Structure formats: C-alpha cells, structure tokens
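Heads up: the structure comes next, in structure tokens.
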Amino acid sequence: MKPQSSPIIISCRNLTKSYYKGDTVVTPLENLDLDLEEGRFLALMGPSGSGKTTLLNIIAGIDSPTSGTITINNQEISRMSRSQLTRWRGKSIGYIFQLYHLIPVLTAYENVELPLLIQKMSRSERERRVLTVLDLVGLGDRMSHFPRQLSGGQEQRVAIARALVTDPMILVADEPTGDLDAASAQNILSLLRQLGHDLHKTIVMVTHDVKAASYADFTLHLEKGKLIESSPL
Ligand SMILES: Nc1ncnc2c1ncn2[C@@H]1O[C@H](COP(=O)(O)OP(=O)(O)OP(=O)(O)O)[C@@H](O)[C@H]1O
Ligand SMILES: [Mg+2]
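Each residue of the sequence shown is one higher than the last, beginning at 2 in this note's numbering.
See the structure below:
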C-alpha cells in the first residue's frame, strides 16, 4: 500500500539569492524549487560555498531571497516585513548550530529558558516546558551545569532542547555534528531522528558527512544553485 503523503510544509519556487560585494555578484541559489512534506527529515549536502547555509537561513527567516517565493505552512514568508518575520521565526523555527552557541555564563536550564523569556508565558508554564525538553534530550540531571562543565555532545543536547522549547514546526540544523567525535555525532543524529519522529517535527539538516545524511529520510544536493536528488559521480 502506498504510504499516505503529508501536506507540504516548505515550498520554494524560483528562489534566487544573490550577494553583491562591490562589482562582484555571487548567486548561490538560482531558480531553486523545493517541496518538503511535514514531518520529514531532509539532509542537505553540497560542496563548500554551494549555498547550503544561505538556503537554511532563508528557510529560517534569517535571510530573505533576492527573488522567488518561499511559503511555509501556507504563509508566504518572502512577503513578510522584517518585524513580521522576526515574530514568525520565534514561534516557528528552532535553529541548531555547529558550535552550539550556548551562552557561557548561563546554566543549561537558563540557556534553554532563554527563547521563552520573550514570549508571554507564566513562570510555571516556562519551567514545565524547560524541564520537559531537558528530559527529552536526556539532560534532566545536568540542568545546573554551565556549558564549560559539559561535553560537546551534551552541549549540543542543550542546544537541541533550546531549539525545541518553543515547540516550533521546523528544526533547522547547520552541520550539527561537525564538531563532534563519531560516537557523540551518532548519538546526536539518533536523537534528532527520534525527536523528529516522536514530536512530528520537520527537520532540515546541512551536513558534509554521508553517514550523518543517512540518518535523514532523504538527501538533496545543492549544485549550481539548484537542488538535485543525487550527486553525479
Ligand atoms: N552575507 C554574505 N555576503 C556576501 N556573500 C555571502 C554572504 N553569505 C554567503 N555568501 C556567499 O554565498 C556563497 C554561499 O555561501 P554559504 O555560506 O551558503 O555556503 P555553504 O554551502 O554553507 O558553504 P560551507 O559548506 O562552507 O558552509 C559563498 O560564495 C559565500 O561567500
Ligand atoms: Mg555553511
């Protein structure tokens, strides 16, 4: 029996992004199309400088396309103003970075709590959410630790909890295991896959590592500004 398809959550049409520096124009994304179904885990690969981070940042509403459209959950985010986009991003996107980007003077608990402080929410609801996500990533017993008292893998778990605490529709991750040893990397990738599945999150992960990509449901390669299904050898 054919599995039932989920609704499309991310849709890009003719997406083009150019950067201008003096007389030089760089166009990492050129008339790119993408349709991603809700709840899927996509790995994005491609050579250095091919535009992976650029695409991730456009999906996350951090950057805007030069032309073309991007629609997420039926909202055309490429038409939003800066302030609309910032508000939308806070509710809709969880971002996971290669180098975790935790605040060194805050504990694991406080780092995870941070994105909730700009939302209207009671203190008890905030506490409930932080404890729930710290438990989900297996760090319930480390919440009073500062980042320097954690291993790289544990720091990335805190960063995943911070990305999840606002209950976003989409998680984006830019080389989330690029700085980890093989065992910790596998650990983080299994966790991401499991959380995506259990919480029905859509995940877009950039990686250079074929093994990391194998944790995703499928892989797309960025080449010459477009997405293709598999890289020609
Ligand atoms: N803010 C910017 N200003 C000017 N050029 C930029 C900017 N951001 C990215 N670029 C250029 O766009 C191209 C794509 O960059 P991007 O960071 O998306 O590549 P990438 O695929 O993520 O590479 P890597 O694998 O090395 O992280 C590069 O040529 C880069 O120099
Ligand atoms: Mg990059």
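Positions of the beta carbon are idealized from the N, C-alpha and C atoms, including for glycine. These numbers were taken from a predicted model, which means no experiment stands behind them.
How would you call residue i, buried or exposed, if buried means at least 16 neighbouring beta carbons within 10 angstroms?
i, result
"Phe219", "exposed"
"Tyr96", "buried"
"Asp101", "Note that residue 101 is Tyr in the sequence shown here, rather than Asp. Looking at its Cβ environment, which holds 16 or more other Cβ atoms inside 10 Å, Tyr101 is buried."
"Ala186", "buried"
"His198", "exposed"
"Glu114", "buried"
"Leu117", "buried"
"Thr25", "exposed"
"Gln155", "buried"
"Glu126", "exposed"
"Glu230", "exposed"
"Gly52", "buried"
"Asn112", "buried"
"Ser49", "exposed"
"Pro105", "exposed"
"Ile119", "exposed"
"His201", "exposed"
"Val211", "exposed"
"His222", "buried"
"Gln195", "exposed"
"Leu234", "Its pLDDT being 48, under 50, Leu234 is placed unreliably in this model, and the value from its coordinates should be taken loosely. Exposed: under 16 other Cβ atoms inside 10 Å."
To the nearest angstrom, how far is the alpha carbon of residue i from that of residue j?
i, j, result
"Ser215", "Lys22", "37 Å"
"Ser7", "Asp142", "37 Å"
"Ala213", "Thr178", "8 Å"
"Phe147", "Ala162", "15 Å"
"Arg149", "Glu38", "38 Å"
"Val134", "Val166", "6 Å"
"Thr67", "Ser145", "44 Å"
"Lys225", "Leu86", "28 Å"
"Leu172", "Ile94", "6 Å"
"Asp64", "Ile73", "14 Å"
"Trp89", "Leu181", "31 Å"
"Met170", "Thr203", "6 Å"
"Gln99", "Lys227", "24 Å"
Tell me whether residue i, by its Cβ, gets closer than 7 Å to a heavy atom of ligand 2.
i, result
"Lys22", "no"
"Asp180", "no"
"Asp168", "no"
"Val27", "no"
"Thr54", "yes"
"Asp175", "yes"
"Val205", "no"
Looking at ligand 1, does it come within less than 7 Å of residue i, judged from the CB to the closest heavy atom?
i, result
"Gly47", "yes"
"Ser68", "no"
"Ser51", "yes"
Please confirm if residue i has its CB atom under 8 Å from at least one CB of chain D.
i, result
"Ser93", "The structure shown contains no chain D; it is built from a single protein chain."
- Message: So, does the region 10 to 24 touch the region 57 to 66, judging by three or more C-beta pairs under 8 Å?
- Response: Yes, they touch.
- Message: For the pair the region 153 to 167 and the region 120 to 140, tell me if three or more CB-CB distances fall below 8 Å.
- Response: They touch, by the three-pair rule.
- Meets three-Cβ-pair contact criterion under 8 Å: the region 76 to 85 and the region 24 to 32: Fewer than three pairs of CB atoms, one per stretch, sit closer than 8 Å, so the region 76 to 85 makes no contact with the region 24 to 32.
- Query: Taking only runs of the alpha helix (DSSP H) that begin and end inside the region 3 to 77, which ones reach a length of at least 4 residues, in chain order?
  - Reply: For the region 3 to 77, the continuous alpha helix (DSSP H) assignments of 4+ residues that do not extend past its boundaries occur at 53 to 60, in sequence order.
- Query: Could you give the uninterrupted runs of the beta strand (DSSP E) lying entirely in the region 80 to 119, keeping only those of 3 residues or more?
  - Reply: Fully contained in the region 80 to 119 are the following beta strand (DSSP E) runs of length 3 or more, in chain order: 94 to 97.
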